[in-house]
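Numbering (this note's numbering), first residue to last: 23 to 177.
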């Protein structure tokens, strides 16, 4: 084999290697699927870099649990090694009810938006007192129809 053919062969191999390396992806797309929460824009991350954690999305009556890659909570200190789709996980927000029975003992319970309307049952009367119902914010009620932490009082 001539020197010329060897040099041409080496040049071809070097050019081919350069082309293959140049075709290697240098950046990745990270998408955020908020599952009906506020929209989070996709970001482009350079190969080997970390993606910054976006602002926490909002979904009414839900608590955000984090961003997941499949079943695994995404660790934002992890280097991105390819295109990924991070999915928001949510749980229903639990609200607190404090029942002020005026007997010195306040019972507590929790509820979610799925429990509404929430029927309120009679409190046990203490001694010679008679239970007349429940009130919230000065209004007599027999069920809860809105969410939020509340205190209801026996009347």
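Just so you know, even glycine gets a beta-carbon here, dropped at the ideal spot from N, CA and C.
As the structure is a prediction and not an experimental result, all values here were calculated from the model.
Asked, Found
"Per-residue burial, residue 108 [other beta carbons within 10 Å of its own, 16 or more giving buried]", "buried"
"DSSP state of residue 103 mapped onto helix, strand, coil", "coil"
"Sequence-distant residues of the same chain with beta carbon closer than 8 Å to residue 122, five excluded per side", "128, 173, 174, 175 and 176"
"Nearest-angstrom Cα separation, counted from residue 69 out to residue 140", "52 Å"
"CB contact flag (residue 50, residue 105, <8 Å)", "yes"
"From 96, 133, 124 and 101, residue whose alpha carbon lies closest to that of residue 113", "133"
"Status (buried if at least 16 other CB within 10 Å, exposed otherwise) for residue 22", "Shown here, the chain extends from 23 to 177; a query on residue 22 therefore has no answer."
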